DNA sequence: GAAAAGGTACTCGGATATCCCGTGTCCGAGTCACGAGGG
DNA sequence: CCCTCGTGACTCGGACACGGGATATCCGAGTACCTTTTC
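Protein chains in written order, with this note's numbering: chain A, 3 to 135; chain B, 3 to 135.
Right under this line is the structure:
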């Protein structure tokens with residue numbers, strides 16, 4: 003029961019992009035160095051974020067990754083779901099009646115966690131980060 | 003990001019033991035049949051619960067597994083921790099200042115989930131289950 | 001005193017958990033090489 | 001033409017999900033042996 007490292011990279015990258023200059027694209031090279039990971043691997047992760055519509059990529063010279071218009075409303079949960087998928091973290095798969103008590107309780111707990119993650123938007127966090135810094 | 007099947011088995015077993023007659027030990031054979039898993043494998047999982055002090059085992063004829071005295075206060079979180087370990091589901095492991103914002107947010111979310119799981123005791127759930135049934 | 005009843009202690013077999021080990025599968029993490037696209 | 005992203009194929013290791021067999025442990029039934037009772 004752990005979030006994957008890919009999720010970690012994605013979250014940090016998004017936060018970095020949000021804190022950086024908003025319109026200049028940032029190359030994967032630079033992003034990868036910052037997190038000590040290979041550029042190829044990171045680009046694979048970022049492609050998922052592109053497909054999820056959170057960032058956009060530009061090829062060619064001076065290309066890179068850049069946030070899209072409405073980036074401020076993106077939440078942690080959105081990013082996590084883009085990487086990990088939206089499958090819930092428990093499915094009973096035993097056939098003992100349609101209402102599995104175990105399932106219900108765990109899913110309630112999960113919902114509480116997701117609610118918190120949904121409440122944390124990039125915009126909020128960037129301002130907090132600036133204060134810290 | 004998923005709970006292991008072992009956790010599933012453990013939760014169901016605990017709930018079953020709590021619903022059954024409290025003092026008669028139940029053999030691993032019977033418990034395993036109910037969940038369609040091999041007795042050998044299940045016993046491995048139950049051993050963890052024994053070591054965590056939640057149930058006790060009895061060898062010999064009419065032996066089996068049985069809840070301990072204060073079973074009513076055992077929570078879902080206790081059971082999950084006994085099987086999955088207590089490691090938190092995120093550790094940033096990047097060295098960018100002592101206070102990682104990502105880490106903080108995810109851990110807050112995790113705490114909310116754990117709070118909910120800690121609030122669900124076996125005693126509560128057994129009574130709910132009886133009503134359902 | 002002998003037979004029946006009772007009781008203790010010991011053995012023994014089977015039911016049970018526990019330990020050690022092995023196997024197959026799947027997934028995360030990462031690399032490499034090559035293709036595509038744009039300035 | 002060069003720089004950048006995109007992606008598919010590949011490797012590699014470790015965790016997960018099981019299962020099997022041998023071993024230790026313990027209970028309960030049987031049994032033999034002794035003691036007590038009763039006539």
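For every residue, glycine included, the Cβ atom is placed at its ideal position computed from N, Cα and C. Treat the numbers as computed from the prediction; the structure is a model and nothing was measured.
* **the stretch 116-130 of chain B touching the stretch 7-27 of chain B, judged by at least three CB pairs closer than 8 Å** => yes
* Tell whether a beta-carbon distance below 9 Å holds between residue 50(B) and residue 85(B). => Sequence index remark: in the second chain, residue 50(B) carries index 48 (1-based). Sequence index remark: in the second chain, residue 85(B) carries index 83 (1-based). Closer than 9 Å, so yes.
* Leaving out the 5 sequence neighbours to the left and right, which residues in its chain are closer than 6 Å to residue 16(A) when beta-carbon positions are compared? -> Position 14 of the first chain, counting from 1, holds the residue named residue 16(A). Closer than 6 Å at Cβ, skipping near neighbours: 81.
* **Endpoints, the beta strand (DSSP E) within which residue 69(A) is located** => Within the first chain, numbered from 1, the residue matching residue 69(A) stands at position 67. Run containing residue 69(A): 66-69, per the beta strand (DSSP E) assignment.
* Taking 9 Å as the CB-CB limit, is residue 131(B) close to chain A? -> The residue labelled residue 131(B) in the question sits at position 129 within the second chain. Output row for residue 131(B): interface = yes.
* Ends of the alpha helix (DSSP H) at residue 81(A)? -> Locating residue 81(A) in the first chain gives position 79, counting from the first residue. Residue 81(A) -> alpha helix (DSSP H) spans 78-86.
* Any C-beta of chain B sitting closer than 9 Å to the C-beta of residue 40(A)? -> Taking the first residue of the first chain as 1, we reach residue 40(A) at position 38. So no, residue 40(A) is outside the interface.
* Helix, strand or coil at residue 39(A) [DSSP, three-state] -> Position 37 of the first chain, counted from the start, is the residue given in the question as residue 39(A). Residue 39(A) falls in the coil class under three-state DSSP.
* Under 9 Å Cβ-Cβ, which residues of chain A neighbour residue 104(B)? -> The residue you call residue 104(B) lines up with position 102 of the second chain. Here the neighbours are 10, 13, 14, 17, 78 and 127.
* For chain B, find out if any of its Cβ atoms is closer than 9 Å to the Cβ of residue 89(A); answer yes or no. => Working through the first chain from its first residue, we reach residue 89(A) at position 87. Closer than 9 Å to some Cβ of chain B, the Cβ of residue 89(A) qualifies, so yes.
* To do: Quick one: using the 10 Å Cβ neighbour count with 16 as the cut-off for buried, is residue 66(A) buried or exposed?
  => Indexing the first chain from 1 puts residue 66(A) at position 64. Residue 66(A) comes out buried.
* Asked: If you draw a straight line from the C-alpha of residue 48(B) to the C-alpha of residue 58(B), how long is it?
  -> Taking the second chain and counting its residues from 1, the one referred to as residue 48(B) is at position 46. Taking the second chain and counting its residues from 1, the one referred to as residue 58(B) is at position 56. Each residue's alpha carbon lies about 9 Å from the other.
* Give the range of the beta strand (DSSP E) segment to which residue 60(B) is assigned. => In the second chain, the residue the question calls residue 60(B) occupies position 58. Where residue 60(B) is concerned, the enclosing beta strand (DSSP E) stretches over 57-60.
* For residue 61(B) and chain A, any beta-carbon pair shorter than 9 Å? -> Stepping through the second chain from its first residue, residue 61(B) is reached at position 59. No, no contact with chain A.
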